Amino acid sequence: MIETIRKTPIKPTAMSDEDDAEEATPAVQLGDGRTVEGAPIARVAARLAWPQTKSDILEKFGETDIRTPDGPQSLATILDSVEDTYFDRRQTFVSAVRDVIGREPIATE
């Protein structure tokens, strides 16, 4: 089978002003509330390649403040309460941290 190549260029279509107005407004309204301090534990866990030892995590992210229901806490402080020294998977690490900080939602006000 032989394919033919189109020799006439395709003309770009002009966008209407209505399309520009739709793109300017955000799809989701963002709140005006205060910012939440600290990083989500899932973000820290996603930046690591697994498996990891506790000491390697502390070396890389020990000073990072993590969001908790009681306000931000350093990851080093949280991991002091964790007995495990080796995390084979991201989920194991996140679960161990959440066992310490709790699984409640983070308050924004």
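Heads up, the sequence shown is in the working numbering, so the first residue is 37 and it goes up one at a time.
Cβ atoms here follow ideal geometry from the backbone N, Cα and C, with glycine treated the same way.
Note that the structure is a prediction, hence the values are computed from the model and not measured.
Whole-angstrom distance between Y122 and A81, CA atom to CA atom: Residue mapping note: residue 81 aligns to position 45 of the sequence shown, counting from 1. Residue mapping note: residue 122 aligns to position 86 of the sequence shown, counting from 1. Approximately 14 Å, taken between the alpha carbons.
Mind checking R83: buried by the 16 CB within 10 Å criterion, or exposed? Taking the sequence shown and counting its residues from 1, one reaches residue 83 at position 47. The residue is exposed, with fewer than 16 neighbouring Cβ atoms inside 10 Å.
8 Å CB neighbourhood of V130 in its chain, flanking five on each side removed: Locating residue 130 in the sequence shown gives position 94, where the first residue counts as 1. Once the five neighbours on either side are set aside, the close Cβ partners of V130 are I77, A78, A81.
For S114, the first and last residue of its enclosing alpha helix (DSSP H): Here residue 114 corresponds to residue number 78 of the sequence shown, with the count starting at 1. Position check: residue 114 holds Ile in this sequence, whereas Ser was assumed. It spans 111–116 - the alpha helix (DSSP H) in which I114 sits, taken as one unbroken run.
Could you give the distance in angstroms between the alpha-carbon of D101 and the alpha-carbon of Q127? On the sequence shown, position 65 is the one that residue 101 refers to. On the sequence shown, position 91 is the one that residue 127 refers to. Rounded to the nearest angstrom, the two C-alpha atoms are 19 Å apart.
For L94, which residues from the same chain have a beta carbon less than 8 Å from its beta carbon, with the 5 sequence-adjacent residues on both sides left out? Counting from one through the sequence shown, the residue named residue 94 turns up at place 58. Closer than 8 Å at Cβ, skipping near neighbours: L111, A112, L115.
Skipping 5 residues on each side, what residues in its chain have a beta carbon closer than 8 Å to that of V118? Against the sequence shown, residue 118 aligns to sequence position 82. Cβ neighbours of V118 beyond the five flanking positions: K90, A132, V133, D135, V136.
So what does DSSP say about D101, is it helix, strand or coil? Counting from 1 along the sequence shown, the entry for residue 101 is found at position 65. Secondary structure at D101: strand, using DSSP grouped into helix, strand and coil.
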